[in-house]
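Numbering (my numbering), first residue to last: 5 to 460. The structure appears below as structure tokens.
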């Protein structure tokens, strides 16, 4: 009997130690995962998306400057010109910041390092071309030379800068997704191991209680009973910590950040499409090219199979009305569809639907711009495209971007809160689980001590 009790005591100590170590390792690993998610994976993905947007915005503002500047200032559209100059400077500073952030994030990945290095070099060349275009535009009669430089710059943007920025978005998002999948798999394995060890420990304590009751003719040993209760509570808290961490991680990545990525891409595409309107007005020789590009980007946002610019508005209205009646209606695709299929949070659906509504208004403005130009009213088309007065295209574009920002803000807020809740689950439950296991083993040893003493 003494040997049997000592064996059960040793098993209790070993299983308790193993369960404690497992919970400690799981908690530390999850703390590291949350730090990676919040401080590395998400920021570098959003920085790549912000870079994509800022590049599109900078090019759009360069086109707007050339479009509104007049001939060396003569006939200048003052408000659009002033705003374009300000936005151009903001975008250029944002690109510099994003490139520095991505250079740090790329360390350790040769492919990403090479992409960032190439981006930095190409951006320097792009700035030089835009600088020459703006300088030529400042001279009387310099518009043709400015336009030639701008063409080279926007071609560089389209063929090298934007593809590289998109590659970084995909690469960083894929790295985040891989980390998420690995963390979820590890949590599942750790949860199973905690349950197995917990059941074994409870079984050993149960056998110990039975041996004591059978050999010493007592119903229950208070110390072992208290240790069993502490162990049960520790296992419950440990499994709750792991399952809560898995749930918060899923919400952060799938429910919130998937939408953040889709909306960031949509925002970048929107700025590029808006730039295509300005390019369309600025460069008569490339109007067909820029019109096709505008339609292609519209299809990326709200895809309608077989739609042309002349049919897009009516098909958008028809399919959107069908979607509002039945949210499972699948007659459109694109980034907006991706977001609408991932509605999770309070207020998100209303904000997402408002985004599509304002997008429809902006699309109708585009047709007005093209019809004014076709009617020979070029100045009116430029003013309607570039002015910021209520009812103009830029005002409606701003309303669309504000609605898009509201949806993104909801998802970003829930991403942040999920990260905080995940950290709180570890920091709040792990000490209690570890403390209860320490108390459990101490109570079990104290409960056994008097019984073993009887055999001396």
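The C-beta atom is built at its ideal place from N, Cα and C for all residues, glycine as well. Treat the numbers as computed from the prediction; the structure is a model and nothing was measured.
Shown here, residue 118 sits in a helix according to DSSP, grouped into three states. Residue environment for residue 84: buried (at least 16 other C-beta atoms within 10 angstroms of its C-beta). Residue nearest to residue 339 within the set 406, 270, 399 is 270 (criterion: CA-CA distance). Residue pairing of residue 75 in beta bridges, as defined by DSSP: 78.
Taking C-beta atoms as the reference points, residue 208 and residue 16 count as a pair closer than 7 Å. Between residue 305 and residue 319, the gap from beta carbon to beta carbon reaches 7 Å or more.
Residue 401 sits close to residue 366, with the two beta carbons spaced by under 7 Å. Within the segment 362-395, the complete alpha helix (DSSP H) segments at least 4 residues long are 382-390, listed from N- to C-terminus. Beta-bridge pairing by DSSP links residue 307 to 337. When 122, 135, 125, 106 are compared, the shortest CA-CA separation from residue 93 is found for 135. Note on the segment 80-142: whole alpha helix (DSSP H) runs with a minimum of 4 residues are 82-109, 114-141, in chain order.
The DSSP assignment places 291-305 as complete runs of the alpha helix (DSSP H) inside the segment 272-305, in order along the chain (cut-off: 4 residues).
DSSP places residue 51 within a helical segment (H, G or I) once states are collapsed to three. With distances taken between CA atoms, residue 280 lies nearest to 295 out of 201, 295, 266, 359. When secondary structure is reduced to three states using DSSP, residue 242 falls in the helix class.
The beta carbon of residue 89 is closer than 7 Å to those of 69 in its chain, skipping five residues each way along the sequence.
If you draw a straight line from the Cα of residue 144 to the Cα of residue 72, it is about 14 Å long. The Cβ neighbour count for residue 121, taken over all protein chains shown within 10 Å, is under 16; the residue is labelled exposed.
Exposure of residue 332 is indicated by the presence of fewer than 16 other C-beta atoms within 10 angstroms of its C-beta. The residues 362, in chain order, have a CB closer than 6 Å to that of residue 403 in the same chain once the five nearest residues on each side in sequence are set aside. Bounds of the alpha helix (DSSP H) holding residue 156 are 147-160. If you compare the alpha carbons of 371, 63, 449 with that of residue 165, the shortest gap goes to 63. Annotation: residue 31 to residue 193 spans about 13 Å, alpha carbon to alpha carbon. Residues of the same chain with a CB within less than 6 Å of the CB of residue 415, apart from the 5 flanking positions on each side, are 260, 263, 264 in chain order. Around residue 426, the same chain offers 34, 38, 248, 249, 252, 253, 256 as residues with beta carbons nearer than 8 Å, after the five sequence neighbours per side are excluded. The beta carbon of residue 359 lies closer than 6 Å to those of 407, 408, 411 in the same chain, with the five residues before and after it left out. Take the alpha-carbon of residue 386 and the one of residue 286: they are about 9 Å apart.
In the assembly as shown, residue 43 is an exposed residue. Its beta-carbon has fewer than 16 other beta-carbons within 10 Å.
Cβ-Cβ separation between residue 124 and residue 168: approximately 10 Å, too far for a contact (criterion under 8 Å). Distance check between residue 49 and each of 356, 171, 435 places 171 closest, using alpha-carbon atoms only.
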